[in-house]
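Engineer:
In my numbering, the protein residues as written are 229 to 389.
Here is the structure:
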């Protein structure tokens, strides 16, 4: 599966999940619009609006998380091709962390989508969802690897000339 295909598949799955949820709750679209209009009047709606905003944030972050997973998978392959097994392992470990945190976000998104209206008032929206950042040491190791690779390429080219 190509990196772009994986990303497109994630986007498709998110859209399909939302479509399925709306299909299973046909009155929710109209209800949601009505509730947003009355948000100032109803605390329950205020909770739903915040949960909906959280779900929208989660969807955006999940797509970005998918990009991060692709990036670190690619970097792992490049490190292996460059015979740097230590860096490849670090990249793989970070990709795994990204996947785990993405799974937590996905589960939260599914939970929000399955809430019945009566649970909106008692469910608190969570914030702070972000793409999993690589540790500074891994970022520095990657930068060093790229510089070493470029120097080797320059030396190879100079040897031909």
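From the three backbone atoms N, C-alpha and C, an ideal C-beta is built for every residue, glycine too.
This one's a predicted model, so the numbers in the text were calculated from it and none came from an experiment.
Please say whether residue 287 and residue 238 have beta carbons closer to each other than 8 Å?
Structural biologist: Counting from one through the chain shown, the residue named residue 238 turns up at place 10. Counting from one through the chain shown, the residue named residue 287 turns up at place 59. Going by C-beta atoms, residue 238 is not nearer than 8 Å to residue 287.
Engineer: Can the beta-carbon of residue 316 be found less than 8 Å from the beta-carbon of residue 298?
Structural biologist: Here residue 316 refers to the residue found at position 88 when the chain shown is read from its first residue. Here residue 298 refers to the residue found at position 70 when the chain shown is read from its first residue. No, Cβ-Cβ distance for residue 316 and residue 298 is not below 8 Å.
Engineer: Could you tell me the alpha carbon to alpha carbon distance between residue 347 and residue 294, rounded to whole angstroms?
Structural biologist: Here residue 347 refers to the residue found at position 119 of the chain shown. Here residue 294 refers to the residue found at position 66 of the chain shown. Those two C-alpha atoms are separated by around 30 Å.
Engineer: Check each candidate in 234, 281, 240 and 254 and name the one with the smallest Cα separation from residue 340.
Structural biologist: In the chain shown, the residue the question calls residue 340 occupies position 112. Considering only alpha carbons, the answer is 281.
Engineer: Measure the Cβ-Cβ separation of residue 300 and residue 323 and say whether it is below 8 Å.
Structural biologist: As a working mapping, residue 300 is identified with position 72 in the chain shown. As a working mapping, residue 323 is identified with position 95 in the chain shown. Yes; because the gap between Cβ atoms is below 8 Å, this pair is in contact.
Engineer: The alpha helix (DSSP H) with residue 379 in it runs from where to where?
Structural biologist: Residue 379 sits at position 151 when you count from the first residue of the chain shown. Segment 364 to 388, the alpha helix (DSSP H) holding residue 379.
Engineer: In angstroms, rounded to a whole number, what distance separates the CA positions of residue 308 and residue 291?
Structural biologist: On the chain shown, residue 308 is found 80 positions in, with the first residue counted as 1. On the chain shown, residue 291 is found 63 positions in, with the first residue counted as 1. Their backbone Cα atoms lie some 26 Å apart in a straight line.
Engineer: Could you tell me the alpha carbon to alpha carbon distance between residue 235 and residue 380, rounded to whole angstroms?
Structural biologist: Within the chain shown, residue 235 is the residue found at index 7, counting from 1. Within the chain shown, residue 380 is the residue found at index 152, counting from 1. When rounded, the distance between both Cα atoms is 32 Å.
Engineer: Using a 10 Å radius around the Cβ and a threshold of 16 neighbouring Cβ atoms, would you call residue 279 buried or exposed?
Structural biologist: Indexing the chain shown from 1 puts residue 279 at position 51. Residue 279 comes out buried.
Engineer: Between residue 360 and residue 326, which are expected to be in contact by the criterion C-beta below 8 Å, what is the C-beta distance as a whole number of angstroms?
Structural biologist: In the chain shown, counting from the first residue as 1, residue 360 sits at position 132. In the chain shown, counting from the first residue as 1, residue 326 sits at position 98. 5 Å between Cβ atoms; contact.
Engineer: Could you tell me whether the Cβ atoms of residue 333 and residue 357 are closer together than 8 Å?
Structural biologist: Here residue 333 refers to the residue found at position 105 of the chain shown. Here residue 357 refers to the residue found at position 129 of the chain shown. Contact: yes.
Engineer: Who are the near neighbours of residue 256 in its chain, counting only those whose CB is closer than 7 Å to its CB and skipping five residues on each side?
Structural biologist: By 1-based counting over the chain shown, the position of residue 256 is 28. Once the five neighbours on either side are set aside, the close Cβ partners of residue 256 are 250.
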